[in-house]
Amino acid sequence: MLSQEKIARINELAHRSKTTGLTEQEEEEQHELRNEYLSKFRSSFKSQLQSVKVVDPKGDDVTPNTLEKAKRNNSNFRQ
């Protein structure tokens, strides 16, 4: 995940954009930080999804085939 400093900077820029506005350089920085945050979030979320096992009330494994295939291939999960 992102460092606490970067998250604090994202929040600072978001607050300033709502109040006083941002310079072009700050807007570019905000865009880059948001993209980095989203990239890391998506990567982490995909990893969590690949570790999920779906079980029905009877206790049978009903994990979707797409997820099972992604686990076997250790590739990016897409549905």
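Under UniProt numbering, think of the first position of the sequence shown as 1, with each following residue one higher.
Glycine is no exception: its CB is placed at the ideal position from the N, C-alpha and C atoms.
Pick from the options: whose alpha carbon is nearest that of residue i?
i: residue 66; options: 56, 60, 59, 46; result: 46
i: residue 49; options: 68, 61, 31; result: 68
i: residue 13; options: 72, 44, 29, 1; result: 29
i: residue 35; options: 22, 7, 71; result: 7
i: residue 3; options: 41, 18, 21, 58; result: 41
What are the boundary residues of the alpha helix (DSSP H) that includes residue i?
i: residue 66; result: 65 to 73
I'd like to know whether the C-beta atoms of residue i and residue j end up nearer to each other than 8 Å.
i: residue 10; j: residue 33; result: yes
i: residue 44; j: residue 1; result: yes
For residue i, I'd like the list of residues in its chain whose CB is within less than 7 Å of its CB, leaving aside the five on either flank, ordered along the chain.
i: residue 5; result: none
Leaving out five residues on either side along the sequence, give the residues of the same chain with a beta carbon under 8 Å from the beta carbon of residue i.
i: residue 53; result: 61, 63
Give every residue of the same chain whose Cβ lies closer than 6 Å to the Cβ of residue i, excluding the five residues on either side of it in the sequence, and list them in chain order.
i: residue 27; result: none
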